[in-house]
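Trainee:
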Amino acid sequence: MLEKSFNPVEVERRWYARWEEAGRFRHREPHSPDSQPAYCIQLPPPNVTGTLHMGHAFQQTLMDALIRYHRMRGLNTNWVVGTDHAGIATQIVVERQLEEEGKTRHDLGRAKFLERVWKWKQQSGATITRQMRRLGASANWSYADTEGQNAGYFTMDAKMSRAVVEVFVRLYEEGLIYRGKRLVNWDPVLGTAVSDLEVDSEEEDGRIWEIRYPGEGFSVTVATTRPETMLGDVAVAVNPKDERYLAVVGKRVRLPLTDKEIPVIADDYVDPEFGTGCVKITPAHDFNDYQVGRRHKLEPVGILTLDARLNDAAPAAYRGLERFEARRRILEDLKAQGLLVSEKPYKLRVPRSGRTGVIVEPMLTDQWFVKMDSLARDGLEVVARGEVRFFPEHWTATYNQWLENIQDWCISRQLWWGHQIPAWYDDEGRIYVARSEAEAAKKAGGRKLKRDEDVLDTWFSSALVPFTSLGWPEKTRDLEVFLPSSVLVTGFDIIFFWVARMVMMTRHFTGKVPFRHVYINAIVRDAEGEKMSKSKGNTIDPLDLIDGISLELLLEKSTVGLLRSEHRKKIEGYIRSHYPGGIPAFGADAVRFTFASLASFSRTLNFDLGRCEGYRNFCNKLWNATRFVLMNAEGKDCGQDDSAAVELSTWDRWIVSLLQRTEADVEQAFAEYRFDNAAAALYRFIWDEYCDWYVEIAKDQLAKGNERQQRGTRRTLVRVLESALRLAHPIIPFITEELWQSVRPLAGKKGESIMLAPYPKSQPEKIDARAEAEVALAKQVVNATRNLRSEMKIAPKDRITLYLTGKPSPTTVAAMLSLARSEPKVVDVLPDTGSPVAIVGEHRLMPHIEIDPQLERERLSKEAARLDGEIGRAKAKLSNSAFVERAPATVVQQERERLAGFEATLAKVRQQLERLAGAP
RNA sequence: GGGUGCUUAGCUCAGCGGUAGAGCGCUGCCCUUACAAGGCAGAUGUCGUAGGUUCGACCCCUACAGCACCCACCA
Numbered sequence: 001m002l003e004k005s006f007n008p009v010e011v012e013r014r015w016y017a018r019w020e021e022a023g024r025f026r027h028r029e030p031h032s033p034d035s036q037p038a039y040c041i042q043l044p045p046p047n048v049t050g051t052l053h054m055g056h057a058f059q060q061t062l063m064d065a066l067i068r069y070h071r072m073r074g075l076n077t078n079w080v081v082g083t084d085h086a087g088i089a090t091q092i093v094v095e096r097q098l099e100e101e102g103k104t105r106h107d108l109g110r111a112k113f114l115e116r117v118w119k120w121k122q123q124s125g126a127t128i129t130r131q132m133r134r135l136g137a138s139a140n141w142s143y144a145d146t147e148g149q150n151a152g153y154f155t156m157d158a159k160m161s162r163a164v165v166e167v168f169v170r171l172y173e174e175g176l177i178y179r180g181k182r183l184v185n186w187d188p189v190l191g192t193a194v195s196d197l198e199v200d201s202e203e204e205d206g207r208i209w210e211i212r213y214p215g216e217g218f219s220v221t222v223a224t225t226r227p228e229t230m231l232g233d234v235a236v237a238v239n240p241k242d243e244r245y246l247a248v249v250g251k252r253v254r255l256p257l258t259d260k261e262i263p264v265i266a267d268d269y270v271d272p273e274f275g276t277g278c279v280k281i282t283p284a285h286d287f288n289d290y291q292v293g294r295r296h297k298l299e300p301v302g303i304l305t306l307d308a309r310l311n312d313a314a315p316a317a318y319r320g321l322e323r324f325e326a327r328r329r330i331l332e333d334l335k336a337q338g339l340l341v342s343e344k345p346y347k348l349r350v351p352r353s354g355r356t357g358v359i360v361e362p363m364l365t366d367q368w369f370v371k372m373d374s375l376a377r378d379g380l381e382v383v384a385r386g387e388v389r390f391f392p393e394h395w396t397a398t399y400n401q402w403l404e405n406i407q408d409w410c411i412s413r414q415l416w417w418g419h420q421i422p423a424w425y426d427d428e429g430r431i432y433v434a435r436s437e438a439e440a441a442k443k444a445g446g447r448k449l450k451r452d453e454d455v456l457d458t459w460f461s462s463a464l465v466p467f468t469s470l471g472w473p474e475k476t477r478d479l480e481v482f483l484p485s486s487v488l489v490t491g492f493d494i495i496f497f498w499v500a501r502m503v504m505m506t507r508h509f510t511g512k513v514p515f516r517h518v519y520i521n522a523i524v525r526d527a528e529g530e531k532m533s534k535s536k537g538n539t540i541d542p543l544d545l546i547d548g549i550s551l552e553l554l555l556e557k558s559t560v561g562l563l564r565s566e567h568r569k570k571i572e573g574y575i576r577s578h579y580p581g582g583i584p585a586f587g588a589d590a591v592r593f594t595f596a597s598l599a600s601f602s603r604t605l606n607f608d609l610g611r612c613e614g615y616r617n618f619c620n621k622l623w624n625a626t627r628f629v630l631m632n633a634e635g636k637d638c639g640q641d642d643s644a645a646v647e648l649s650t651w652d653r654w655i656v657s658l659l660q661r662t663e664a665d666v667e668q669a670f671a672e673y674r675f676d677n678a679a680a681a682l683y684r685f686i687w688d689e690y691c692d693w694y695v696e697i698a699k700d701q702l703a704k705g706n707e708r709q710q711r712g713t714r715r716t717l718v719r720v721l722e723s724a725l726r727l728a729h730p731i732i733p734f735i736t737e738e739l740w741q742s743v744r745p746l747a748g749k750k751g752e753s754i755m756l757a758p759y760p761k762s763q764p765e766k767i768d769a770r771a772e773a774e775v776a777l778a779k780q781v782v783n784a785t786r787n788l789r790s791e792m793k794i795a796p797k798d799r800i801t802l803y804l805t806g807k808p809s810p811t812t813v814a815a816m817l818s819l820a821r822s823e824p825k826v827v828d829v830l831p832d833t834g835s836p837v838a839i840v841g842e843h844r845l846m847p848h849i850e851i852d853p854q855l856e857r858e859r860l861s862k863e864a865a866r867l868d869g870e871i872g873r874a875k876a877k878l879s880n881s882a883f884v885e886r887a888p889a890t891v892v893q894q895e896r897e898r899l900a901g902f903e904a905t906l907a908k909v910r911q912q913l914e915r916l917a918g919a920p
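Under my numbering, think of the first position of the first sequence as 1, with each following residue one higher.
1) What separation, rounded to the nearest whole angstrom, lies between the Cα atoms of tyrosine 759 and glutamine 710?
2) Compute the distance between the beta-carbons of arginine 435 and valine 341, then report whether it is under 8 Å.
3) Determine the closest residue to phenylalanine 497 out of Leu562, Leu545, Cys410, Asp426, with distance taken between C-alpha atoms.
4) Could you compute how far the alpha carbon of alanine 237 sits from the alpha carbon of glutamate 210?
5) Going by CA-CA distance only, name the one from Leu702, Trp654, Arg477 that's closest to glutamate 29.
6) Over what stretch of residues does the beta strand (DSSP E) that includes glutamate 166 continue unbroken?
7) Check the DSSP bridge columns for asparagine 706 and list the partner residues they point to.
8) Let me know the secondary structure DSSP gives aspartate 267 once reduced to three states.
9) How long is the line joining the alpha carbons of glutamate 216 and lysine 450, rounded to whole angstroms?
10) Note down, in chain order, each residue of its chain lying with its Cβ closer than 8 Å to the Cβ of leucine 921, except the 5 sequence neighbours on either side.
11) Using a Cβ-Cβ cutoff of less than 6 Å, which residues in the same chain neighbour glutamine 420 once the five nearest sequence positions on both sides are dropped?
12) Taking 8 Å as the cut-off, does the region 469-476 touch the region 512-523 (at least 3 CB pairs, one atom from each stretch)?
13) With distances taken between CB atoms, is the gap from tryptophan 623 to isoleucine 754 smaller than 8 Å?
14) For the alpha helix (DSSP H) containing arginine 507, list its first residue and its last residue.
15) What residue ranges within the region 765-797 form continuous alpha helix (DSSP H) runs of no fewer than 4 residues, ordered along the chain?
16) Would you kindly check if the distance between the Cβ of isoleucine 523 and the Cβ of threonine 398 is under 8 Å?
17) Which stretch, first to last residue, makes up the beta strand (DSSP E) that contains threonine 127?
18) Return the CA-CA distance between tryptophan 186 and isoleucine 303, expressed in angstroms with no decimal places.
19) For the alpha helix (DSSP H) holding leucine 347, just list the boundary residues, first then last.
20) Are alanine 784 and valine 840 touching if we call contact CB-CB under 8 Å?
21) Would you kindly check if the distance between the Cβ of valine 829 and the Cβ of glutamine 912 is under 8 Å?
22) Going by DSSP, which residues form a beta bridge with lysine 280?
23) Measuring straight from C-alpha to C-alpha, what distance separates aspartate 798 and arginine 789?
24) Which of the three DSSP states, helix, strand or coil, is assigned to threonine 155?
25) Tell me the residue span of the beta strand (DSSP E) that contains glutamine 668.
26) Which value, in whole angstroms, describes the spacing of the CA atoms of tyrosine 153 and tyrosine 143?
27) Please state whether the Cβ-Cβ distance between aspartate 205 and proline 345 is less than 8 Å.
28) Excluding sequence positions up to five away, which residues of its chain have a Cβ less than 7 Å from the Cβ of aspartate 268?
29) Between the beta-carbon of alanine 671 and the beta-carbon of asparagine 606, is there less than 8 Å?
30) Might you give, ordered along the chain, the residues of its own chain that have their beta carbon closer than 7 Å to the beta carbon of glycine 962, omitting 5 neighbours on each side?
31) Who does alanine 874 pair with in a DSSP beta bridge?
32) Given glycine 610, which residues of its chain have a CB within under 8 Å of its CB, disregarding the five upstream and five downstream residues?
33) I'd like the ranges of any alpha helix (DSSP H) spanning at least 4 consecutive residues and lying wholly in the region 483-560.
34) Starting from arginine 68, trace the beta strand (DSSP E) both ways and give me its first and last residue.
35) Please list, in chain order, all residues of the same chain as leucine 682 whose beta carbon is under 8 Å from its beta carbon, the five residues on each side excluded.
36) Tell me aspartate 200's beta-bridge partners as DSSP assigns them.
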């Protein structure tokens, strides 16, 4: 006997452990010739030291639903998972820990520091995979699990690292990786280069200054937002067509605060309309100026050290100053010399490092790059050819736009945590790229070598995951079977970082695309559509939704470690108003169902706790429906033995018919990645049809039917429920497994787990249009009856007699008796009592009780007015000759029938009104 | 500057060239032996604005407005 209501905690814990122990999540060895087609999903590997947030939970719900769905459909599913070493992020975390001990990584040295990071990784690395398990993720944990932690691969494990080296070496040998001194985005706090994508430019309030550069008998005035870089100026540029400056092009001006002279040059890059039409050129600290400098063969002058202080190229007075302090001093000095022409407020886009938020400095340094043009061209082609498809499709535009304007990718990082670049240098600076130190030594012919200190951008190894996780560079069978994977589920924010790069790298090294479909999931926001952020207090921990949390704990957890008291106040306010009683435990199934039902193709998803509660209730409804079925079917003949006769009512055939339609709807929804539609179809079928109608009528059939009929009812109750459980399993795995275990034997099914049961397939031959029509009418009659009863304030438990014209089907009669507590009395003509009358199709219904004529007149007048409106609209349409002539015949016919129906009903309503006219 | 998405009930969102929908919320009546995490009934919308196409537009087209996002080198 089931508990009275669904209690998810215990059920979830029990089932997940059993599934995992039984190896239910593993793929099947793809060796046998008759093995099923593969269905593979690559998990976007989360940061190894991270914790699960709503975005993960959402994505993983969808992935797991897809995996479970296809697994039940018999495919050889392989959800490949792993964790990412997340170079910068992880290094920062450990450096912060050191900071608390008053140390820096340099105090420890590289080797000791790395030891420390590994320790931290081992210790916190399991957190996120444990959390994924709580959600029910049926990931192939033991696959590619070289570290034996049942957490899939780790991007820095030995196997993955070896593949990274192999890729690097090959790309280098093909000339697609090169080393060069280039201007790159430099994060002066981290002391490393970052890629273009890791720089975020936000518009900020700043200033713009005009500075006069004096020449012989003339002067030019430049505008700049970064006056301190003037010390690195190598020229002043004007537009060649700008008549104001024709005379001075080629002359020289003095660079203020220095003893240098620099030329005035002409370059199209300068917009004569902007500012003074004169631009200072600082090739070492500005991307545009770098290009201008190259065109004019001007040697860049770097004036900043790697931690953004002025270096020895600057005049002695400024050396060693931090960049913004230098700016202040330089402006002061310019002012004193009368060379500062103006200072104005100005809105400008400030490039900040995505990691540290510090202003990025373009810096001329030696870095490694991947040449992107040929790779990008191929990446564009495979999408254009449809070998990779985006869902929703419009994301293709975003992908294309980036690849069409791509720059070479700076892949070296001046960090310690990551894949060290497999390049060695001899004393003369010659480069040896090799798979190992020994190989490099061989190439170097015994010269003394020093390894490149830098590591690779984390995204470099991530880009390889689709094939390296499957065993590349070995020629494995898995590469043949699971590549391309079926679909990638990920957020739009990493289309560039990750999706595009996977396409390019996988194509280059395997000749295949990494995945056939890319489903771009919505960004999870709070219920009001606000971005979730810790400082607002509107983040939700998915585990708190599953387990519940008290207000006190929630407050404590959300404000712990907060330094700024105004944040603390705001967060407390938010939490107290939104979760006055904390968060109840909804269970993983409810959370998953909520995610699925919100996963339409829109760009954002507003997570609504109310919605979650509604779906928790849905789970409980399913629980109780099963409880009812078990109470009525366990230990009884459920008609699974075909020798015993069964008799099926129209209601029985109707629910079976509807099940087929639901199965088809769900299949279509999965094919289109419309998880919202799948969830809605399940919800409507289980709650609105099975529970609200079928179970109710089944009570009557069980109470009154003969043996054959009872057997038929039990069989239908059980079989439909059993199918519905399987149908819902991909979205709500725990509750369906738990219930299926009890329902399965009654339905005559075998199997240890619902996960192994076949997915229900719609059987069109069981669609019964006649039963559907008959039930539709019966439902309308019941609804009309209930409506009359409610309006006439008849107490719900009172049984009444109901006059009725027309010939009601047994389907209708049964429903009226049990669902409307009304005894139908069939008459040719309704008695003339003035009671309210409802009209449904050919039937006219009238409760046999005393009525209040006044109330009834009002009701009828309202109804007549409504019908008048409908008739007016229909008539207008039909009297429009254009409509009658041009609209399809069926549409015109339908309109005529509607009109006739309205008119007939109105006539009856009018009759009734007349009849009432004489009453008090 | 280039690109993308959104605007439908109080809230959050589906939707389709042919009678405007769901969940939550709201109102009324019910503790009916599956379920009060429930049942039954009910109210609520000039589908952002203006044109156009069409017999017919919430839907297709154009313009506009508002909101949001992505990319980009204007000092």
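Each residue gets a CB set at the ideal place from its N, CA and C atoms; glycine is no exception.
Since the model is a prediction, treat every value here as computed from it, not as a measurement.
Mentor: Looking at the coordinates:
1) In the first sequence, counting from the first residue as 1, residue 759 sits at position 759. In the first sequence, counting from the first residue as 1, residue 710 sits at position 710. Rounded to the nearest angstrom, the two C-alpha atoms are 28 Å apart.
2) For the purposes of this step, residue 435 is identified with residue 435 of the first sequence, where counting begins at 1. For the purposes of this step, residue 341 is identified with residue 341 of the first sequence, where counting begins at 1. 8 Å or more divides the Cβ of arginine 435 from the Cβ of valine 341.
3) The residue labelled residue 497 in the question sits at position 497 within the first sequence. Among Leu562, Leu545, Cys410, Asp426, the Cα nearest to that of phenylalanine 497 is on Cys410.
4) One-based indexing of the first sequence puts residue 237 at position 237. One-based indexing of the first sequence puts residue 210 at position 210. In a straight line, the C-alpha of alanine 237 is about 14 Å away from that of glutamate 210.
5) Stepping through the first sequence from its first residue, residue 29 is reached at position 29. Among Leu702, Trp654, Arg477, the Cα nearest to that of glutamate 29 belongs to Arg477.
6) For the purposes of this step, residue 166 is taken as residue 166 along the first sequence, with counting starting at 1. Counting along the chain, glutamate 166 falls outside any beta strand (DSSP E), though it belongs to the alpha helix (DSSP H) covering 158-173.
7) As a working mapping, residue 706 is identified with position 706 in the first sequence. The beta-bridge partner set that DSSP reports for asparagine 706 is empty.
8) As a position in the first sequence, residue 267 is number 267, starting the count at 1. In the structure shown, aspartate 267 sits in coil (DSSP, three-state: anything other than H, G, I, E or B).
9) For the purposes of this step, residue 216 is taken as residue 216 along the first sequence, with counting starting at 1. For the purposes of this step, residue 450 is taken as residue 450 along the first sequence, with counting starting at 1. Using only the alpha carbons, I get a separation of about 52 Å.
10) Outside the displayed span of the chain (1 to 920) sits residue 921, for which this structure offers no information.
11) Numbered from its first residue, the first sequence carries residue 420 at position 420. Cβ within range, chain order: Val455.
12) The way I'd put it, the region 512-523 doesn't touch the region 469-476; fewer than three beta-carbon pairs between them come closer than 8 Å.
13) Within the first sequence, the letter at position 623 stands for residue 623. Within the first sequence, the letter at position 754 stands for residue 754. Isoleucine 754 is positioned such that its CB atom lies no closer than 8 Å to that of tryptophan 623.
14) As a working note, residue 507 is residue 507 in the first sequence. Unbroken alpha helix (DSSP H) run through arginine 507: 501-510.
15) Whole alpha helix (DSSP H) segments, 4+ residues: 769-791.
16) Along the first sequence, read from residue 1 onward, the residue named residue 398 stands at position 398. Along the first sequence, read from residue 1 onward, the residue named residue 523 stands at position 523. Contact flag unset, no.
17) Residue numbering aside, residue 127 sits at position 127 when the first sequence is read from its first letter. Counting along the chain, no beta strand (DSSP E) covers threonine 127; the unbroken alpha helix (DSSP H) around it starts and ends at 127-135.
18) By 1-based counting over the first sequence, the position of residue 186 is 186. By 1-based counting over the first sequence, the position of residue 303 is 303. C-alpha separation (whole angstroms): 14 Å.
19) Along the first sequence, one-based indexing puts residue 347 at 347. A small correction: the amino acid at residue 347 is lysine; leucine does not occupy that position in the sequence shown. Run containing lysine 347: none in the alpha helix (DSSP H); it sits in the beta strand (DSSP E), 340-353.
20) In the first sequence, counting from the first residue as 1, residue 784 sits at position 784. In the first sequence, counting from the first residue as 1, residue 840 sits at position 840. Taking 8 Å as the Cβ cut-off, alanine 784 and valine 840 qualify as a contacting pair.
21) Indexing the first sequence from 1 puts residue 912 at position 912. Indexing the first sequence from 1 puts residue 829 at position 829. Against a cut-off of 8 Å, the Cβ pair of valine 829 and glutamine 912 comes out as no contact.
22) Within the first sequence, numbered from 1, the residue matching residue 280 stands at position 280. In DSSP, lysine 280 forms a bridge with Val236.
23) In the first sequence, the residue the question calls residue 798 occupies position 798. In the first sequence, the residue the question calls residue 789 occupies position 789. When the Cα atoms are used, aspartate 798 and arginine 789 turn out to be separated by approximately 10 Å.
24) Here residue 155 corresponds to residue number 155 of the first sequence, with the count starting at 1. Coil, per DSSP.
25) Taking the first sequence and counting its residues from 1, one reaches residue 668 at position 668. Where glutamine 668 is concerned, there is no enclosing beta strand (DSSP E), although the alpha helix (DSSP H) it sits in stretches over 650-671.
26) Walking along the first sequence from the start, residue 153 turns up at place 153. Walking along the first sequence from the start, residue 143 turns up at place 143. Each residue's CA atom was taken as its position, placing tyrosine 153 and tyrosine 143 some 8 Å apart.
27) Residue numbering aside, residue 205 sits at position 205 when the first sequence is read from its first letter. Residue numbering aside, residue 345 sits at position 345 when the first sequence is read from its first letter. A contact, by the Cβ cut-off of 8 Å.
28) Here residue 268 is taken as the residue at index 268 of the first sequence, counted from 1. The answer, listed in chain order, is Asn239, Pro240.
29) Position 671 of the first sequence, counted from the first residue, corresponds to residue 671. Position 606 of the first sequence, counted from the first residue, corresponds to residue 606. Cβ distance not < 8 Å, so alanine 671 and asparagine 606 don't count as in contact.
30) This structure leaves residue 962 out entirely; the chain is present only between 1 and 920.
31) Mapped onto the first sequence, residue 874 falls at position 874. In the DSSP output, where bridge partners are listed per residue, alanine 874 has none listed.
32) By one-based count along the first sequence, residue 610 stands at place 610. Cβ within range, chain order: Ala527.
33) The region 483-560 contains these whole alpha helix (DSSP H) runs: 501-510, 542-547, 551-559.
34) Translated into the one-based positions of the first sequence, residue 68 becomes position 68. Element bounds for arginine 68: not the beta strand (DSSP E) but the alpha helix (DSSP H), 54-72.
35) Counted from its first residue, the first sequence places residue 682 at position 682. Within the same chain, leucine 682 has close Cβ partners Thr662, Val666, Ala724, Leu727, Ala728, Ile731.
36) Against the first sequence, residue 200 aligns to sequence position 200. Bridge partners of aspartate 200 according to DSSP: Arg352.
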